[in-house]
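Worksheet: the structure to be examined is printed underneath.
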């Protein structure tokens, strides 16, 4: 199984809503990532979890809150987002041979 | 701050022609260089990951080379087809660092 799955595929939320993005992998990869991707720009790193501990936070605003409940799951909790947070949110894993596997992404629209 | 540069930014190539483009990266503390094929509104698709100086990798009509001493990698596409139209991203990580630093990509358009 070389797949990273993400739910939901699409999400529309208001600025006062609380929602969560979910990511799952069963490849046993120790590192899991959240990226934000705006149109026509490469992925922008947000967070890295390594062995279920947060190892990199790229100065992301606190309205984005990551969580890694176990080695297969990664969540991104969203609260009080702004319209400029609308983007494609990608989850990814890193294999022991440093190959990065991306999920299909969640297309988020903040209204 | 690690700088990964790709050139050219965009490229138009006639169908059937071959082409190549470049990724430059810091040569110190090198660990891995990644190439991705990316279509807008989709997630990047991994093409190659290379770790050894002099590495050459091939997947069908696409191949890549790596020079870690001088800090560059070339991606080659032989006999371009319309389905090769995409943005090609490279990403670099240095030793012991889980963070991948992406270049801004080369946008390739194949003209039928």
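Protein chains in written order, with our numbering: chain A, 735 to 845; chain B, 274 to 385. Glycine included, C-beta positions come from ideal geometry on N, C-alpha and C.
Annotation: residue 330/B to residue 337/B spans about 5 Å, alpha carbon to alpha carbon. Annotation: Cβ neighbours of residue 836/A in chain B (cutoff 7 Å, chain order): 316 and 317.
In the three-state DSSP reduction, residue 281/B falls in the coil class, being neither helix nor strand. The Cβ atoms of residue 807/A and residue 823/A do not sit closer than 8 Å to each other. For residue 364/B, the CB contacts under 6 Å within the same chain, skipping 5 residues up- and downstream, are 307, 373 and 375 in chain order.
Straight across, the Cα-Cα distance linking residue 783/A with residue 305/B is about 19 Å. When the beta-carbon positions are compared, residue 826/A and residue 835/A come within less than 8 Å of each other. In the DSSP assignment, residue 293/B forms a beta bridge with 349/B. The region 797-835 of chain A is shown to contain whole beta strand (DSSP E) runs of 3 or more residues at 798-804, 807-813 and 821-828, in chain order. Rounded to whole angstroms, the gap between the alpha carbons of residue 334/B and residue 300/B is 27 Å. Residue burial is scored here from C-beta neighbours: residue 744/A has fewer than 16 other C-beta atoms within 10 angstroms and is therefore classed as exposed.
With a beta-carbon spacing of about 5 Å, residue 287/B and residue 384/B fall inside the 8 Å limit used to define contacts. Under the 8 Å criterion on CB atoms, residue 376/B is classed as interfacial with respect to chain A.
Distance from residue 341/B to residue 303/B at the Cβ level is roughly 5 Å; contact confirmed, criterion being Cβ atoms closer than 8 Å.
With a threshold of 16 other beta carbon atoms within 10 Å, residue 276/B falls short and is exposed. Contact of residue 341/B with chain A by beta-carbon distance below 9 Å is absent, the smallest such distance being about 14 Å. Among the residues facing chain B, residue 831/A is included, as its CB has a counterpart in that chain under 8 Å away.
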